[in-house]
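Read in order, the letters of the first sequence are residues 38 to 797 in this note's numbering. Ideal Cβ placement from N, Cα and C applies to all residues, glycine included. To start, the structure itself, in structure tokens.
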Amino acid sequence: MTATPLLDSLNDAQQLAVSAPPGALLVLAGAGSGKTRVLTHRVAWLVQTQQISPLAVLAVTFTNKASREMRGRIEELLRMPLGGMWMGTFHGLCHRLLRMHFEAAGLPQNFEILDSDDQYRQIRRVLRELSLDEAHWPPRQIQWAINSHKEEGRRAQNLPAGNDIQQQTLHKIYLAYDELCRRFHLVDFAELLLRSLELLQRNQTIRESYQQRFQHVLVDEFQDTNAIQYKWLRLLSERSKNLFVVGDDDQSIYGWRGARVENLLSFEKDFPGATVIRLEQNYRSSGNILRAANAVIAHNAGRLGKELWTTRADGEKIRLYAASNEIDEANFTVASIESWVAGGNRRDGCAVLYRSNAQSRVFEEKLLSAGMPYRVYGGLRFFERAEIKDALAYLRLVSNRDSDPAFERVVNLPTRGIGAKTLEEIRRCARAQQISLWCAAKQTIAADRLPPRASAAVQRFLEIIAGMTAATADLELGEITDHVLIHSGLLEHYRNECGERAQGKVENLEELVTAARNFTPDETQEMGTLSLFLANAALEAGEGQADEWDDCVQLMSLHSAKGLEFPLVFLCGMEEGLFPHQRALEEPGRLEEERRLCYVGMTRAMKQLTICHAEIRRLYGREHYGQPSRFLKEIPTEHIEEIRATRMARSYTRSSGYGSGHGMGYAHGHASGHASRSSKNAPANSSLHTPTRPATPSATAIADPGFQGLKPGSQVRHQKFGEGMVLDLEGRGEHARVQVNFKDAGQKWLVCAHANLDLV
DNA sequence: GGGTTAACCTTTTTT
DNA sequence: AGGTTAACCC
């Protein structure tokens, strides 16, 4: 028994962390080691035993979901509501700061949040205004570049103009974009963070009041923080020095979007005297799974170092299945799930994990034909759907007519005779006088610069908006939304659209009214409920799928799986080029992140982990010969059991929809399968399929004279590049190409007809 | 203004 | 391959 019941249910390391004395503290929390428990108990402990007011605590997470869950759990522990405690995502908290101190932050009170889609549109608008060709200046890349700058804290004004024309133009676009945002009161996601940081940096009074208020700052998923988030945290905890961060360098999988593991790796250096506590006891996975995951992650260099252990039994070995293609892979997976469910287990205990979302389709098809309910994570979320964004745009105009993004979006939706010409005229007027599109539209009509028809159409649009504003002034949010949907003509527009999708859109719009009716702002401010609703829609896009099925198989990318756990996990598509992803192989330093992703995937599994790879995979209309992922070779063989397909269960051709699966037809191999595992390096030689592979298109390609008898695994010599191994083949005849990994020259695609390759 | 065709892109995702 | 988006034509 410990001093407080809060600590009773914790292990030694967890107790140490939860009851640590004030100061900087890093909890290195391995997968499944009770990270969330430590965070929630820490807050509860501070409040309960240290007489810290919840108002003096700042707790930061990365997702709204995590934040909600954490709040709920702490409230449960304390048996009291945490009402005024500052707890939320970085973006949510920064937004709150900016709303409260908009003036000091140099923002108008009615600033609007741009989500990435809105931001993309604005960038295109800037490109248009600068007369830059989108083909040469891809908006996506510009968006990425601008966000990277902001996330590193670099303002356009402070950037050097750059040496080459590329950099100079980018700089020009960045400047113009920021100017546009300033002019129209727009704040993008990165801007929320940067602006908030600058507010604290520049305004001493505000800074000190928050530094004084927040006696304890706690951060979840610290390995995912980017440069400004880290600065923001340091600044806020500068006075109290109580920064409690929880993270796992081995689960850092968002480096590609600006997250800096370095923040975690150098924590002890940045905070001299900081305590580091390791949580290494894993409560999730059985021994085989855990040791295999440990072995894989051990291949990474530059780790803080951690080795998970468990008191659990070894459990089942990791099942390894070499599928002939992605269809076979899906059939096998579905069959396995079927027998698991037949054994009385829940479907939602099964997860199919993959590297890229494109892989989900085959699984969906097979699950569908097996009559197995499933749920795919990822994809468009509620507030990101086009029809919802249309409706929100109307609401935005009602709340603030000067919102240009909203104006652009719905001025002619449903179509009301306002075409590109008319719009261009209005835009020109707006640009020339630095006024909003709304004002420009008014002026354009007044100045009689439009043909009568167009003029009348614009006039009608302005009246619709003005009419809605007047009519909804005294209504509740739900009724406002309802009114706007009807009087904008939007609902009618989607009702008239035919097809299944249109019906879903109408349903979504109706759901929006429900969402609006149920919306209760969690902060009472001078801002109208409508504005808060709109800000909330941008910050919290809602669940990926509207209807959450009760008990269904879970399909998701490895990234989405972080933080979750399932008794039964399938890790699919474990092939070189797919996982680790080709793009990751091309960029230096990305391989380790892929390995961490693999580690994350493996450690999701509690009872049984199945890893699949396919010898041939059709992806984006091409067929690829994938060698088994290098990560497989990093798993000690004693943790692996190979599953072999009996001939009958195998789906050899793509067209046969054979083998919807009956949980039969797969034979369990034993540890003796090591020899054949190593043979997977040269899949074409595997005795399993070579003799019986029929003339699939790919097999034809191999027999094609263009390939001169090359196949994956062949050793070849090139006059210039030297020796190498064939990785992949595609196309046929004179267009046939071959991918070779040369010892010295690296990976290259060559046209067979010209390459003059010699078989070694 | 609506419907059709052609070009395009396709890692991972939250806010 | 497949889906979306942009240009294009009536």
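DSSP three-state call for residue i: helix, strand or coil?
| i | result |
| --- | --- |
| Tyr800 | Any question about residue 800 goes unanswered here, given that the chain covers just 38 to 797. |
| Arg412 | strand |
| His173 | coil |
| Glu594 | Residue 594 is actually Ser in this sequence, not Glu. Here Ser594 sits in strand by DSSP. |
| Lys644 | strand |
| Leu69 | Residue identity differs from the one stated: residue 69 is Gly in this sequence, not Leu. If DSSP states are grouped into helix, strand and coil, Gly69 belongs with coil. |
| Thr481 | helix |
| Ser724 | Only weak support is given to the placement of Ser724: the predicted model assigns it a pLDDT of 25, under 50, and the value that follows is read from those uncertain coordinates. Note: Ser724 maps to coil in three-state DSSP. |
| His755 | strand |
| Met137 | helix |
| Asp741 | Low per-residue confidence applies at Asp741: pLDDT is 41, beneath 50, and the placement is therefore not dependable enough to give any value. |
| Tyr657 | coil |
| Leu605 | strand |
| Ala61 | coil |
| Asp519 | helix |
| Asp307 | helix |
| Phe570 | helix |
| Ala443 | helix |
| Ser715 | At Ser715 the pLDDT is 29, less than 50, meaning the model places this residue with poor confidence; the figure from the coordinates comes in the next sentence. Note: Ser715 maps to helix in three-state DSSP. |
| Leu280 | strand |
| Val75 | helix |
| Tyr247 | helix |
| Gly761 | strand |
| Gln776 | strand |
May I ask which residues mark the beginning and end of the beta strand (DSSP E) holding residue i?
| i | result |
| --- | --- |
| Gln496 | No beta strand (DSSP E) contains Gln496, which is instead part of the alpha helix (DSSP H) from 489-509. |
| Asn325 | Taken as a continuous stretch (DSSP letters only), Asn325 belongs to no beta strand (DSSP E), being part of the alpha helix (DSSP H) at 324-334. |
| Val378 | Per DSSP, Val378 belongs to no beta strand (DSSP E); it is in the alpha helix (DSSP H), 363-379. |
| Ile677 | 677-682 |
| Leu223 | 223-225 |
| Tyr320 | Looking at the DSSP string, Tyr320 is not in any beta strand (DSSP E), and its letter there is neither H nor E. |
| Ala388 | 387-391 |
| Leu144 | Unbroken run through Leu144: none, as it is neither H nor E. |
Could you spell out the range, first to last residue, of the alpha helix (DSSP H) harbouring residue i?
| i | result |
| --- | --- |
| Met107 | 101-115 |
| Cys218 | 202-220 |
| His618 | From DSSP, His618 is part of no alpha helix (DSSP H); its letter is neither H nor E. |
| Val435 | 423-436 |
Could you give the distance in angstroms between the alpha-carbon of residue i and the alpha-carbon of residue j?
| i | j | result |
| --- | --- | --- |
| Leu43 | Thr100 | 26 Å |
| Lys599 | Ala494 | 51 Å |
| Leu316 | Tyr291 | 22 Å |
| Trp174 | Arg384 | 46 Å |
| Leu656 | Glu401 | 15 Å |
| Gly381 | Ile374 | 11 Å |
| Val775 | Pro451 | 51 Å |
| Ser666 | Glu613 | 5 Å |
| Gln238 | Asp215 | 20 Å |
| Leu487 | Thr481 | 7 Å |
| Tyr636 | Met611 | 13 Å |
| His707 | Ala359 | Bear in mind that a pLDDT of 46 at His707, under 50, signals an unreliable position, so the number given afterwards is only what the model happens to contain. Their Cα atoms are separated by approximately 14 Å. |
| Gln204 | Glu228 | 21 Å |
| Leu53 | Gln266 | 27 Å |
| Pro58 | Leu301 | 20 Å |
| Ala510 | Gly504 | 10 Å |
| Ile680 | Thr370 | 12 Å |
| Gln248 | Arg158 | 37 Å |
| Glu424 | Arg356 | 44 Å |
Under 8 Å between the Cβ atoms of residue i and residue j?
| i | j | result |
| --- | --- | --- |
| Leu95 | Val254 | yes |
| Ala66 | Gly284 | yes |
| Val282 | Phe251 | no |
| Val777 | Val797 | no |
| Asn48 | Gln318 | yes |
| His132 | Ala572 | yes |
| Leu273 | Ile210 | no |
| Leu280 | Arg412 | no |
| Asp287 | Gly324 | no |
| Ile17 | Leu608 | Outside the displayed span of the chain (38 to 797) sits residue 17, for which this structure offers no information. |
| Leu236 | Ala141 | yes |
From the DSSP secondary-structure annotation, give me the bridge partner or partners of residue i.
| i | result |
| --- | --- |
| Glu353 | In DSSP, Glu353 forms no bridge with anything. |
| Tyr703 | Ala682 |
| Leu95 | Trp123, Val254 |
| His650 | Ala359 |
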